[in-house]
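Please read the structure below before turning to the comments.
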Amino acid sequence: MAKIGNIDVGDFPLLLAPMEDVSDPPFRALCKEHGADVVYTEFISSEGLIRDAAKSTMKLDIYEKERPVGIQIFGANLESMLQSVEIVEKSNPDIIDINFGCPVKKVVSKGAGAGILKDIDLMVSLTEAMVKHTNLPITVKTRLGWDNDSIKIVEVAERLQDVGCKAISIHGRTRVQMYKGEADWAPISEVKNNPRMHIPVFGNGDVDTPERAVEMRDKFGLDGAMIGRAAIGYPWFFREVKHYFETGEHLPSPTMIERLDAARRHLQMAIDWKGEKLGVFETRRHYTNYFKGIPHFKEYRMKMVTSDDAVDVFAAFDEVERDFSDFQFA
Numbered sequence: 004m005a006k007i008g009n010i011d012v013g014d015f016p017l018l019l020a021p022m023e024d025v026s027d028p029p030f031r032a033l034c035k036e037h038g039a040d041v042v043y044t045e046f047i048s049s050e051g052l053i054r055d056a057a058k059s060t061m062k063l064d065i066y067e068k069e070r071p072v073g074i075q076i077f078g079a080n081l082e083s084m085l086q087s088v089e090i091v092e093k094s095n096p097d098i099i100d101i102n103f104g105c106p107v108k109k110v111v112s113k114g115a116g117a118g119i120l121k122d123i124d125l126m127v128s129l130t131e132a133m134v135k136h137t138n139l140p141i142t143v144k145t146r147l148g149w150d151n152d153s154i155k156i157v158e159v160a161e162r163l164q165d166v167g168c169k170a171i172s173i174h175g176r177t178r179v180q181m182y183k184g185e186a187d188w189a190p191i192s193e194v195k196n197n198p199r200m201h202i203p204v205f206g207n208g209d210v211d212t213p214e215r216a217v218e219m220r221d222k223f224g225l226d227g228a229m230i231g232r233a234a235i236g237y238p239w240f241f242r243e244v245k246h247y248f249e250t251g252e253h254l255p256s257p258t259m260i261e262r263l264d265a266a267r268r269h270l271q272m273a274i275d276w277k278g279e280k281l282g283v284f285e286t287r288r289h290y291t292n293y294f295k296g297i298p299h300f301k302e303y304r305m306k307m308v309t310s311d312d313a314v315d316v317f318a319a320f321d322e323v324e325r326d327f328s329d330f331q332f333a
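Counting in the working numbering, the sequence shown runs without a single skipped number right up to 333 at its last residue.
Here you go:
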């Protein structure tokens, strides 16, 4: 049974990864309904929080039905990170997670995210200071290293644990790899098998089938799986993995009506939370997977991803129901 601090997160929990413009409250709610054990917010800039930037503070919204929920922050300046912890605490999350893994240039260029993998001492000292600054459990999400020549994740994880980190999620790629190639879970397994490690070690990267989740659990011996891209537009992934764990069998794919219901609810929740313009725009990335595998579907998808008005997107959903309600997904 894995525990993050005093929070029992179950036997081999499935965690929804923090993904910018994806892991918002509407999508987290859908993933939670379908079996996600822990969900994380989109990553939030510490500098944005202390400036009271609207987009950053909006990401602090969490809801009781999401628990346990973690708020993830990133930054490289100690004072800003400590101030952001105080701001985050007011939202009353269960966990505060530090992003030491985001590979995108605009984050890395400021020494934050995966950029901090070039300065492990700073990574450790920031974590220690944040642990001492709050009573909430501090966790870390990171990568194997900056590049293949600087992979020291066993040592790094141990040092983070020793300064009070309560769990670590490790993406099986380096920063240089970005999202290319295959994730390497062997170094993550080395972290878990380090006899000095006693905090949960979660794996991340390429968990895109129930079989892969089983492999992460049984072959690599990790404590849980953090799910990212496989869940975009497909919140059912969590229940499918859990069903496979229990039975060794695959659940049937969600029906067209189930997919339409989820897409409609997702869009409406997004509009209610962030307004029509942003709600319509940021939900677009999910539609490819909601309706993946349907032949001759381009016309309908184009309406969904190019319409700026919610009424037009809902009308496109109605057309799909009219024309494809009997379609059987593989």
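For every residue, glycine included, the Cβ atom is placed at its ideal position computed from N, Cα and C.
Review point. Is the beta carbon of residue 229 sitting closer than 8 Å to the one on residue 248?
Key: For the pair residue 229 and residue 248, the CB atoms are not nearer than the 8 Å cut-off.
Exercise for review: Return the residue from the list 85, 40, 25 and 259 that minimises the CA-CA distance to residue 62.
Suggested key: Of the listed residues, the one whose Cα sits closest to residue 62 is 25.
Review point. Where are the beta strand (DSSP E) runs, 3 residues long or more, that stay fully inside the segment 192-228, in chain order?
Key: Here the runs fully enclosed are 204-207.
**Study point:** Bridge partners - residue 13, DSSP secondary structure assignment
**Key:** According to DSSP, residue 13 bridges with 5.
**Study point:** the segment 187-195 touching the segment 114-126, judged by at least three CB pairs closer than 8 Å
**Key:** For the pair of segments examined, the segment 187-195 was found not to touch the segment 114-126: the number of CB pairs separated by less than 8 Å stays below three.
**Study point:** Option in 180, 226, 181 and 203 with minimal Cα separation from residue 170
**Key:** For the residues 180, 226, 181 and 203, the minimum Cα distance to residue 170 belongs to 203.
Practice item. Leaving aside the five residues before and after residue 257 along the sequence, list all residues of the same chain whose C-beta is less than 6 Å from its C-beta, in chain order. Key: Closer than 6 Å at Cβ, skipping near neighbours: 239.
**Study point:** residue 73 vs residue 98 beta-carbon contact at 8 Å
**Key:** It is a contact, given that the beta carbons lie within the stated cut-off.
Practice item. Would you kindly check if the distance between the Cβ of residue 320 and the Cβ of residue 297 is under 8 Å? Key: Taking 8 Å as the cut-off, the beta carbon of residue 297 is found no closer than this to the beta carbon of residue 320.
Review point. Counting Cβ pairs closer than 8 Å, one from the segment 274-294 and one from the segment 38-54, do we hit at least three?
Key: Too few Cβ pairs lie closer than 8 Å, so no.
Check your understanding: Helix or strand or just coil, what does DSSP make of residue 180?
Key -> The three-state secondary structure of residue 180, taken from DSSP, is coil.
Exercise for review: With a 10 Å radius around its C-beta and 16 neighbouring C-beta atoms as the bar for buried, classify residue 309 as buried or exposed.
Suggested key: Looking at its Cβ environment, which holds fewer than 16 other Cβ atoms inside 10 Å, residue 309 is exposed.
Check your understanding: Ordered along the chain, which non-local residues of its own chain (more than five positions away) have a Cβ less than 7 Å from that of residue 200?
Key -> So the list reads 160, 161, 164 and 194, once near-sequence residues are dropped.
**Study point:** Buried or exposed by the 16-neighbour rule on C-beta atoms within 10 Å, applied to residue 244
**Key:** That one is buried.
Practice item. Express the C-alpha separation of residue 279 and residue 315 in angstroms, rounding to a whole number. Key: In a straight line, the C-alpha of residue 315 is about 12 Å away from that of residue 279.
Point to revise | Limits of the unbroken beta strand (DSSP E) element including residue 340 | key: Shown here, the chain extends from 4 to 333; a query on residue 340 therefore has no answer.
Check your understanding: What's the C-alpha gap between residue 235 and residue 254?
Key -> Within the model, the alpha-carbon separation for residue 235 versus residue 254 is close to 18 Å.
Point to revise | Distance CB(residue 210)-CB(residue 233) smaller than 8 Å | key: For the 8 Å CB-CB criterion, residue 210 and residue 233 form a contact.
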